[in-house]
Amino acid sequence: MFELFEKAVLTGIGALSLTQKKGEELLADMKEKYKFSEEEGKAFLEKIQGVAKETREKLTEAAEVEVKKTVERIGLVPKDDYEQLKLRVEELEKKLAQE
Numbered sequence: 004m005f006e007l008f009e010k011a012v013l014t015g016i017g018a019l020s021l022t023q024k025k026g027e028e029l030l031a032d033m034k035e036k037y038k039f040s041e042e043e044g045k046a047f048l049e050k051i052q053g054v055a056k057e058t059r060e061k062l063t064e065a066a067e068v069e070v071k072k073t074v075e076r077i078g079l080v081p082k083d084d085y086e087q088l089k090l091r092v093e094e095l096e097k098k099l100a101q102e
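Letter by letter, the sequence shown follows residues 4 to 102 of the working numbering.
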């Protein structure tokens, strides 16, 4: 029964990220409602937190990829490139002013 419940919750969690406090609340609720042992509850909570962490990391990576694609597509210049070009322009302006 515990494994079935665990699979159902893991499936339902999806992209949900649990904070430590929410995780502890969930653990306490599970122990009370489903009579889980302390060890089962802790193992389950660790598994949930691991899944949430992996999901957050995957979402972050996917968002970064999409942002980079969008930046390239609309032609935005990265800040480092902009700063280098700005310095070059300033140097050229100084040289022109000296002539």
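Cβ coordinates follow ideal geometry from the N, Cα and C atoms, glycine included.
Where does the unbroken alpha helix (DSSP H) through V92 begin, and where does it stop?
-> The sequence position of residue 92 within the sequence shown is 89, counting from 1. First-last of the alpha helix (DSSP H) with V92: 82-101.
Hey, would you say L48 sits closer than 8 Å to G26, going by beta carbons?
-> Numbered from its first residue, the sequence shown carries residue 48 at position 45. Numbered from its first residue, the sequence shown carries residue 26 at position 23. In contact: L48 and G26 (Cβ atoms closer than 8 Å).
Beta-carbon spacing of G44, K34 below 8 Å = Looking up residue 44 in the sequence shown gives position 41. Looking up residue 34 in the sequence shown gives position 31. Yes; because the gap between Cβ atoms is below 8 Å, this pair is in contact.
Collapsed DSSP secondary structure at G78 in the structure displayed = One-based indexing of the sequence shown puts residue 78 at position 75. Residue state, collapsed to three classes: coil.
May I ask you to report which of helix, strand or coil DSSP gives K72?
-> The residue given as residue 72 occupies position 69 in the sequence shown. DSSP places K72 in helix when its eight states are reduced to three.
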